[in-house]
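Let me begin by presenting the structure, written as structure tokens, before commenting on it.
Right under this line is the structure:
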């Protein structure tokens, strides 16, 4: 059972990476592993992959003969092995990324580091979903025109018609007290028409209409306020 497990780990290292539930495990250096003189430079190897948070690096090396140190940028440039951030020494080391940004790895042997056994990995920041655009707001409803109190305005009367009393004409403003709307001089009150009377027999009928006639005056109403005088001769 133990030999089968070892073979499984070797197969994972050869394939380069192993897919987990939501992350990947990358075997550093491929089939060469973590060695002094790999067939492909480690940074060149890392440039072929995209690393994200929760991905892991698998370092395969000979235990006791080498190690993996996680250092700062300055420690990477100078191959400083004195104050590493993380030290891995078990020969089958797994390092998991918990944040985005650059990570710097060097060999625990300064001579190996100076010969190129070091690695830079840049972990990508998680992608954020773009906000869903909001639907355009509907325009406000149009306000209907205000109607005068009591309903619609009455249409103007036809030409030549006189509006009834109490309703002002829409064509002209109401006249001021003491003035004539037509603009002519005010007309004084007319003298009342003389009351008709019955003439005696043989007398002439009063008024121009009955001039030259003698007899009895007959009054016939035609319209309200209008009276026709008819002279009837008395024989």
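Residue numbers (UniProt numbering): 1 to 235. Note that CB positions come from ideal geometry on N, CA and C, so glycine has one too.
Residue 85 burial status per 10 Å Cβ neighbour count (16 or more: buried): Burial call: exposed.
Classify residue 49: buried if its beta carbon has 16 or more other beta carbons within 10 angstroms, exposed otherwise. Answer is exposed; the Cβ neighbour count stays below 16.
Short of 6 Å in beta carbon distance, which residues of its chain neighbour residue 54, apart from the five on each side in sequence? Order them along the chain. 23, listed in sequence order.
For residue 78, the three-state DSSP class (helix, strand or coil): Reduced to three states, the DSSP call for residue 78 is helix.
Note the first and the last residue of the continuous alpha helix (DSSP H) segment covering residue 42. For residue 42, the enclosing alpha helix (DSSP H) stretches over residues 42-46.
First through last residue of the alpha helix (DSSP H) which encompasses residue 110: Segment 110-114, the alpha helix (DSSP H) holding residue 110.
Residue 243, DSSP secondary structure in three states: Lying outside 1 to 235, the shown extent of the chain, residue 243 is not represented and no answer is given.
Select from 57, 118 and 56 the residue whose C-alpha is nearest the C-alpha of residue 75. Distance from the Cα of residue 75 is smallest, within the candidate group 57, 118 and 56, for 118.
Quick check on residue 93: buried or exposed, where buried means 16 or more other Cβ atoms within 10 Å of its Cβ? It is buried - the Cβ of residue 93 has at least 16 other Cβ atoms within 10 Å.
Hey, residue 114 and residue 79: beta-carbon distance below 8 Å or not? Less than 8 Å separates the beta-carbon of residue 114 from that of residue 79.
Indicate whether residue 68 and residue 108 have their beta-carbon atoms separated by less than 8 Å. Yes.
When the Cα atoms are used, what is the spatial distance from residue 103 to residue 61? Residue 103 and residue 61 have their C-alpha atoms roughly 20 Å apart.
Range of the contiguous beta strand (DSSP E) that encloses residue 70: According to the DSSP assignment, residue 70 belongs to the beta strand (DSSP E) that extends over 68-71.
What first and last residue would you give for the beta strand (DSSP E) that runs through residue 95? Looking at the DSSP string, the run of the beta strand (DSSP E) that includes residue 95 is 92-96.
Taking C-beta to C-beta, are residue 123 and residue 51 nearer than 8 Å? In this structure, residue 123 sits near residue 51, with a CB-CB distance shorter than 8 Å.
Between the Cα of residue 121 and those of 38, 63 and 95, spot the shortest distance and give me the residue it belongs to. For the set 38, 63 and 95, the Cα lying nearest the Cα of residue 121 is the one of 95.
Is residue 85 helix, strand or coil when you go by DSSP? Looking at residue 85 - three-state DSSP - the assignment turns out to be coil, as it is neither helix nor strand.
Less than 8 Å separating the beta-carbons of residue 90 and residue 63? Yes, they are a contact pair.
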